[in-house]
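Chemist: Attaching a single structure in structure tokens format; questions to follow.
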Amino acid sequence: MHIDKPTDCRTRRVGLIAGWGRYPIVVAEALRDQGCQVVCLGVEQHADPILREICHAYSDIGIGKLGGAIRYFRQQEVARATMAGKFHKTLLMQGHWITHFPDWRAFCTFFPHFFSMSKDRKDDTLLRAVIDAFAQDGITFVPATVFVPEILVKAGTITKRQPSRAELKDIEFGWTIAKKIGEVDIGQSVAVQGQAVLAVEAIEGTDACIRRAGELCKGRGFTLVKVAKPQQDMRFDVPTIGQGTVETLVEAGAKVLAVEADKTIFLDQAQVIEFANQHQLAIVAFRCDDSTGELRAAA
Numbered sequence: 037m038h039i040d041k042p043t044d045c046r047t048r049r050v051g052l053i054a055g056w057g058r059y060p061i062v063v064a065e066a067l068r069d070q071g072c073q074v075v076c077l078g079v080e081q082h083a084d085p086i087l088r089e090i091c092h093a094y095s096d097i098g099i100g101k102l103g104g105a106i107r108y109f110r111q112q113e114v115a116r117a118t119m120a121g122k123f124h125k126t127l128l129m130q131g132h133w134i135t136h137f138p139d140w141r142a143f144c145t146f147f148p149h150f151f152s153m154s155k156d157r158k159d160d161t162l163l164r165a166v167i168d169a170f171a172q173d174g175i176t177f178v179p180a181t182v183f184v185p186e187i188l189v190k191a192g193t194i195t196k197r198q199p200s201r202a203e204l205k206d207i208e209f210g211w212t213i214a215k216k217i218g219e220v221d222i223g224q225s226v227a228v229q230g231q232a233v234l235a236v237e238a239i240e241g242t243d244a245c246i247r248r249a250g251e252l253c254k255g256r257g258f259t260l261v262k263v264a265k266p267q268q269d270m271r272f273d274v275p276t277i278g279q280g281t282v283e284t285l286v287e288a289g290a291k292v293l294a295v296e297a298d299k300t301i302f303l304d305q306a307q308v309i310e311f312a313n314q315h316q317l318a319i320v321a322f323r324c325d326d327s328t329g330e331l332r333a334a335a
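Numbered according to this note's numbering, the sequence shown spans residues 37 to 335.
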């Protein structure tokens, strides 16, 4: 999916649906610095309050308030929007329906997923349903990386330490597994040691996957492979790493983090690289040759 970067940003408003983490802040600041008026909907229990200071207009919204979100963007004359940050689906699974109780538009959109069970609750399915609902009211979603392309990690060894031969074998092994679980929309990450799978990311997220691997592989070191899904839609749920990721990896005893080049968001890069170097954590971004399946870390 190719979308050109807008050339008239100074005369247009851009809507932002902000989830958890640093990424929405980075996107909002970039849009503001480009001269855009950022109209932000911060998801309750997710979005950082500092977004109120960065954005031209801001309102809190529950995950279930799809109709309210569409109305707000239309009132603010938003025709183009993006989303950034993590959305914790576990809140819905744990019954946080008071805060995120669905409005009528959300009920109609998600009825097949949560009530009749005629459709699944996979992340891609739900987020695509949200985007389609906005599109019905003339609001088009584009990837946030359109506005901050420099945030996507480039191919190469990012840290001073490089993976050993054994670790490279673990990366190749883990890459295949991670792509398979991504294909069926389970998760993006897999932890590997000695070409054995220690943990697989599911609804609980990457950090929980890392901690589980650390508990199973105390002191022996392991490799985390995090990749985009084969069918990755760059408008949402793009693989993301940052300071929190590497801190969790170091605490759990990991030795290597392997990610997919050009399809992984890398937050606070200088800070993360310095921390990784201090703790001898190798970070490498690979591209996969579609014709041969070979992983390449060269740019």
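Even glycine gets a Cβ: it sits at the ideal position worked out from N, Cα and C.
Just to confirm my understanding: we take Glu-283, look at its own chain, exclude 5 residues before and 5 after, and list those with CB closer than 6 Å. What are they?
Modeler: Locating residue 283 in the sequence shown gives position 247, counting from the first residue. There are no such residues.
Chemist: Hey, which unbroken runs of the beta strand (DSSP E) at 3 residues or more fall wholly within the segment 48-112?
Modeler: The segment 48-112 contains these whole beta strand (DSSP E) runs: 49-54, 73-79, 93-97.
Chemist: How about Glu-296: is its Cβ closer than 7 Å to a heavy atom in the ligand ZN?
Modeler: For the structure depicted, the ligand ZN is absent and the ligand set is empty, with no information on it obtainable.
Chemist: Terminal residues of the continuous alpha helix (DSSP H) containing Lys-299?
Modeler: Here residue 299 refers to the residue found at position 263 when the sequence shown is read from its first residue. Per DSSP, Lys-299 belongs to no alpha helix (DSSP H) and is neither H nor E.
Chemist: Counting C-beta neighbours from all protein chains within 10 Å, is the total for Lys-101 16 or more, i.e. buried, or is it exposed?
Modeler: Taking the first residue of the sequence shown as 1, we reach residue 101 at position 65. By the 10 Å Cβ count, Lys-101 comes out buried.
Chemist: If you count every other CB in all the chains shown that lies within 10 Å of the CB of His-38, and 16 or more means buried, which is it?
Modeler: Residue numbering aside, residue 38 sits at position 2 when the sequence shown is read from its first letter. With a pLDDT of 44 at His-38, under the threshold of 50, the modelled position of this residue cannot be trusted; read the value that follows with caution. With fewer than 16 other Cβ atoms within 10 Å, it is exposed.
Chemist: Excluding the 5 residues flanking Pro-275 on each side, which residues of the same chain have their C-beta closer than 6 Å to its C-beta?
Modeler: Within the sequence shown, residue 275 is the residue found at index 239, counting from 1. Excluding residues within five positions, the ones whose Cβ falls inside 6 Å are Gln-224, Lys-262, Ala-264, Thr-300.
Chemist: If you draw a straight line from the C-alpha of Phe-146 to the C-alpha of Leu-204, how long is it?
Modeler: Counting from one through the sequence shown, the residue named residue 146 turns up at place 110. Counting from one through the sequence shown, the residue named residue 204 turns up at place 168. In a straight line, the C-alpha of Phe-146 is about 42 Å away from that of Leu-204.
Chemist: Do you know how far the Cα of Arg-197 is from the Cα of Gln-316?
Modeler: If you number the sequence shown from 1, residue 316 lands on position 280. If you number the sequence shown from 1, residue 197 lands on position 161. Whole-angstrom Cα-Cα distance: 6 Å.
Chemist: Considering Cα atoms alone, identify which of Arg-110, Arg-58, Leu-87, Ala-105 is closest to Arg-49.
Modeler: Position 13 of the sequence shown, counted from the first residue, corresponds to residue 49. Per the Cα distances, Arg-110.
Chemist: How many angstroms separate the CA atom of Ala-321 from the CA atom of Thr-242?
Modeler: Taking the sequence shown and counting its residues from 1, the one referred to as residue 321 is at position 285. Taking the sequence shown and counting its residues from 1, the one referred to as residue 242 is at position 206. Going from the Cα of Ala-321 to the Cα of Thr-242 covers about 17 Å.
Chemist: Can you tell me whether Thr-328 is buried or exposed? The criterion is at least 16 other CB atoms within 10 Å of its CB, across all chains shown.
Modeler: Translated into positions along the sequence shown, residue 328 becomes position 292. Per the 10 Å Cβ criterion, exposed.
Chemist: Find the nearest neighbour of Glu-330 within the set Thr-212, Leu-252, Arg-247, Gly-57, judged by alpha-carbon distance.
Modeler: To locate residue 330, count along the sequence shown from 1; it is residue 294. Ranking Thr-212, Leu-252, Arg-247, Gly-57 by Cα distance to Glu-330 puts Thr-212 first.
Chemist: Among the residues of its own chain, which have a CB less than 7 Å from the CB of Asp-173, if the five just before and after it don't count?
Modeler: The residue you call residue 173 lines up with position 137 of the sequence shown. Taken in chain order, the residues that qualify are Ile-106, Arg-110.
Chemist: In this structure, how does DSSP classify Cys-253 when only helix, strand and coil are distinguished?
Modeler: Start at 1 with the first residue of the sequence shown, and residue 253 comes out as number 217. Cys-253 falls in the coil class under three-state DSSP.
Chemist: Taking the alpha-carbon of Gln-314 as reference, which of Glu-113, Lys-291, Leu-163, Cys-245 has the nearest alpha-carbon?
Modeler: One-based indexing of the sequence shown puts residue 314 at position 278. Closest by alpha carbon: Lys-291.
Chemist: Ala-115 and Pro-60 - do their beta-carbons sit closer together than 8 Å?
Modeler: Within the sequence shown, residue 60 is the residue found at index 24, counting from 1. Within the sequence shown, residue 115 is the residue found at index 79, counting from 1. Cβ atoms of Pro-60 and Ala-115: not closer than 8 Å.
Chemist: Could you tell me which residues DSSP pairs with Gly-174 in its beta bridges?
Modeler: Position 138 of the sequence shown, counted from the first residue, corresponds to residue 174. For Gly-174, which the question treats as bridged, DSSP gives no partner whatsoever.
Chemist: Within its chain, find whatever has a CB closer than 7 Å to the CB of Gly-278; leave out the 5 residues flanking it on each side and keep chain order.
Modeler: Taking the first residue of the sequence shown as position 1, residue 278 is located at position 242. Result list for Gly-278: Arg-58, Leu-303, Asp-304, Val-308, in chain order.
Chemist: By the three-class DSSP mapping on this structure, what secondary structure does Lys-215 have?
Modeler: Walking along the sequence shown from the start, residue 215 turns up at place 179. Note: Lys-215 maps to helix in three-state DSSP.
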